[in-house]
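S.K.: Got a structure for you, questions after.
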Amino acid sequence: MASALRERTRENEDVTSHPAQVVGAGHDDEARRAALVDSLPDADEDTPLMAQIQADATRRIQLRGRRFPRPAQTRIITVANQKGGVGKTTTTVNLAAALAQSGLNVLVLDNDPQGNASTALGVAHHAGTPSIYEVLVDEAPMAGAVQECPDIPNLWCVPATIDLSGAEIELVSMVARETRLRTALDAYLAGRIAAGQAPIDYVFVDCPPSLGLLTVNAFVVGREVLIPIQCEYYALEGLTQLLKTIQLIQAHLNPGLHVSTILLTMYDSRTNLAQQVAQEVRDHFPETTLRTSVPRSVRISEAPSYGQTVITYDAGSSGALAYLEAARELAERGAADSAAGPDADGLAAGIPVAAGDSIRTNHTNGQPDVAPSVVGSSAGTPQEEQ
Numbered sequence: 117m118a119s120a121l122r123e124r125t126r127e128n129e130d131v132t133s134h135p136a137q138v139v140g141a142g143h144d145d146e147a148r149r150a151a152l153v154d155s156l157p158d159a160d161e162d163t164p165l166m167a168q169i170q171a172d173a174t175r176r177i178q179l180r181g182r183r184f185p186r187p188a189q190t191r192i193i194t195v196a197n198q199k200g201g202v203g204k205t206t207t208t209v210n211l212a213a214a215l216a217q218s219g220l221n222v223l224v225l226d227n228d229p230q231g232n233a234s235t236a237l238g239v240a241h242h243a244g245t246p247s248i249y250e251v252l253v254d255e256a257p258m259a260g261a262v263q264e265c266p267d268i269p270n271l272w273c274v275p276a277t278i279d280l281s282g283a284e285i286e287l288v289s290m291v292a293r294e295t296r297l298r299t300a301l302d303a304y305l306a307g308r309i310a311a312g313q314a315p316i317d318y319v320f321v322d323c324p325p326s327l328g329l330l331t332v333n334a335f336v337v338g339r340e341v342l343i344p345i346q347c348e349y350y351a352l353e354g355l356t357q358l359l360k361t362i363q364l365i366q367a368h369l370n371p372g373l374h375v376s377t378i379l380l381t382m383y384d385s386r387t388n389l390a391q392q393v394a395q396e397v398r399d400h401f402p403e404t405t406l407r408t409s410v411p412r413s414v415r416i417s418e419a420p421s422y423g424q425t426v427i428t429y430d431a432g433s434s435g436a437l438a439y440l441e442a443a444r445e446l447a448e449r450g451a452a453d454s455a456a457g458p459d460a461d462g463l464a465a466g467i468p469v470a471a472g473d474s475i476r477t478n479h480t481n482g483q484p485d486v487a488p489s490v491v492g493s494s495a496g497t498p499q500e501e502q
């Protein structure tokens, strides 16, 4: 049964690999996808491996060649979590690659001194390369630092070099230190339009795992915040502080900033712990958390060592399919919000940062609770402690 299912999957993957046959959202395309899904042999759901193979085969058919809706205006999404190792960079580059592969124009701003997003996207980021450091510190035009990603059309990156590690100190004494990235991006986007180039549909900003000036610049430039949450209890502990920081940014620097999306990462359905954490997050933030969760995947971990995203490294893997599904969900939610009007945008359908609840871990029994929000009004800006 397993070999038959794999063989049928390969046949269907060959059929769906031709964009002319599947691109678009017409009735014929949907009918063809439905027919291909129906042609898959039934799998015994009591056998986890068989069920997973069939689920992945179905997702390949439903996702391959599909075009995602184009937003009405550029969506600027800051991917942030002050805890390290939760999948911020991995989420940034793979969502960007998935959206670009579907035909959208995507720009990634690598605002993390580690430069991991630049590595994954295959762009140069050695010392001396024009980078986001020059944009922030020297106020160089962003257009001079933008590089086209080699593997995926419509995907560009402003890389990070080792110089960015000193930017936190250099920015402290500078005028308009918190708004430099926003000023540069606004000028770049306007310049593209003036030059007759296609507008950018999505901008993703990758952040360091801290709440310093680099992250503040990322929050000020963004319109939305996407929070990746690892499916472990420790990953929930920093969420309250992150929401507090976002509220301070809202109050003092960027009133339009809002948490639009939570994505569960490193999900292992075999463990009760991951299932419990995922359920708690979905219960507390039902409208904000994506239905899709990203599994633990060797392919996701391997891809950066080849200078690729998992979307190009192994497009048929479970990890790639999860990010493609998450990108589709992100795009469709954005299109639905735009169609519903401005009242549907922002925190009305997301996390009420200023007056909501936050998850914390109860160290007595190891279970997450809902704690009254500590995001009250606070004097001063987030950078007064610098």
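Count along the sequence shown starting at 1, add 116, and that's the number in this note's numbering.
Every residue, glycine too, gets a C-beta built ideally from N, C-alpha and C.
#1: Taking C-beta to C-beta, are residue 228 and residue 249 nearer than 7 Å?
#2: Going by beta carbon distance, what residues of the same chain come within less than 6 Å of residue 504, once the five residues before and after it are set aside?
#3: Between residue 418 and chain D, is any beta-carbon pair separated by less than 7 Å?
#4: Do you know offhand how far residue 407's Cα is from residue 449's?
#5: Mind pulling the alpha helix (DSSP H) runs of 4 or more residues that sit fully within the segment 388-456?
#6: To test your reading of the DSSP string, which unbroken alpha helix (DSSP H) runs of 4 or more residues are found completely within the segment 322-354?
#7: Check whether the segment 208-225 and the segment 383-394 are in contact - that is, three or more C-beta pairs closer than 8 Å.
#8: If you follow the alpha helix (DSSP H) that residue 251 is part of, which residue opens it and which one closes it?
#9: Suppose you measure from the CA of residue 329 to the CA of residue 340; what does that come to, to the nearest Å?
#10: Figure out for me which residue from 381, 380, 365, 382 has the closest Cα to the Cα of residue 374.
#11: Residue 126: buried (16+ other C-beta within 10 angstroms of its C-beta) or exposed?
#12: Note down, in chain order, each residue of its chain lying with its Cβ closer than 6 Å to the Cβ of residue 295, except the 5 sequence neighbours on either side.
#13: By the three-class DSSP mapping on this structure, what secondary structure does residue 291 have?
#14: Tell me residue 224's beta-bridge partners as DSSP assigns them.
#15: What's the C-alpha gap between residue 417 and residue 303?
#16: Which residues bound the beta strand (DSSP E) around residue 278?
#17: In its own chain, which residues sit with a C-beta less than 6 Å from the C-beta of residue 272, not counting the 5 before and 5 after it?
#18: Taking the beta strand (DSSP E) that residue 208 belongs to, which residues open and close that run?
#19: Is the segment 392-399 in contact with the segment 344-359, if contact means three or more CB pairs nearer than 8 Å?
#20: By the 10 Å Cβ neighbour count, where 16 or more other Cβ atoms means buried, how is residue 218 classified, buried or exposed?
#21: Could you tell me the boundaries of the beta strand (DSSP E) in which residue 369 lies?
#22: Starting from residue 308 and walking both ways along the alpha helix (DSSP H), at which residues does that stretch end?
#23: For residue 269, count the other beta carbons within 10 Å of its own beta carbon; 16 or more makes it buried, fewer makes it exposed. Which is it?
#24: Going by beta-carbon coordinates alone, are residue 432 and residue 426 separated by less than 7 Å?
#25: Which word fits residue 226, buried or exposed, when buried means at least 16 other C-beta atoms lie within 10 angstroms of its C-beta?
#26: Alpha carbon to alpha carbon, what distance is there between residue 429 and residue 413?
#27: Would you identify the three-state DSSP class for residue 263, choosing helix, strand or coil?
#28: Within the continuous alpha helix (DSSP H) that includes residue 190, where are the two ends?
#29: To the nearest angstrom, how far is the alpha carbon of residue 243 from that of residue 282?
#30: Which whole-angstrom value describes the C-beta separation of residue 236 and residue 442, a residue pair presumed to lie in contact below a C-beta threshold of 8 Å?
M.R.: Put simply:
#1: Cβ atoms of residue 228 and residue 249: not closer than 7 Å.
#2: One cannot answer for residue 504 here, as it falls past the ends of the chain, which runs 117 to 502.
#3: This model lacks chain D altogether; it includes just one protein chain.
#4: Straight-line spacing of the CA atoms in residue 407 and residue 449 works out to 11 Å.
#5: Counting whole runs of 4 or more residues, the segment 388-456 contains the alpha helix (DSSP H) stretches 388-400, 414-418, 426-429, 434-456.
#6: Along the length of the segment 322-354, whole alpha helix (DSSP H) runs at least 4 residues long occupy 329-337, reported in chain order.
#7: No, they do not touch.
#8: Segment 248-253, the alpha helix (DSSP H) holding residue 251.
#9: Taking the CA atoms as reference points, residue 329 sits about 18 Å from residue 340.
#10: When only C-alpha atoms are compared, the closest one is 365.
#11: Residue placement at residue 126 is poorly supported in this model, since its pLDDT is 47, which falls under 50; the coordinates still yield a value, given next. Under this definition residue 126 is an exposed residue.
#12: A distance below 6 Å between beta-carbons, with the five flanking residues on each side excluded, links residue 295 to the following residues of its chain, in chain order: 336.
#13: Three-state result, residue 291: coil.
#14: Among the bridge pairs identified by DSSP, residue 224 is matched with 273, 320.
#15: When rounded, the distance between both Cα atoms is 35 Å.
#16: Taken as a continuous stretch (DSSP letters only), residue 278 belongs to no beta strand (DSSP E), as it is neither H nor E.
#17: Excluding sequence positions up to five before and after residue 272, its CB lies within less than 6 Å of the CB of 223, 262, 264, all in the same chain and listed in chain order.
#18: Residue 208 -> not in any beta strand (DSSP E); alpha helix (DSSP H) instead, spanning 204-217.
#19: Per the Cβ contact rule, the segment 392-399 is in contact with the segment 344-359 (3 or more Cβ pairs under 8 Å).
#20: By the neighbour-count rule (16 or more Cβ atoms within 10 Å), residue 218 is buried.
#21: Under the DSSP assignment, residue 369 falls outside any beta strand (DSSP E); it carries neither an H nor an E label.
#22: Unbroken alpha helix (DSSP H) run through residue 308: 296-310.
#23: An exposed status is given to residue 269, since fewer than 16 other beta-carbon atoms sit within 10 Å of its beta-carbon.
#24: Not in contact: residue 432 and residue 426 (Cβ atoms no closer than 7 Å).
#25: Label assigned to residue 226: buried.
#26: Approximately 13 Å, taken between the alpha carbons.
#27: Strand, per DSSP.
#28: Segment: none, residue 190 is in no alpha helix (DSSP H) and carries neither H nor E.
#29: The straight-line gap from Cα to Cα measures roughly 13 Å.
#30: Residue 236 to residue 442, Cβ: 16 Å. No contact.
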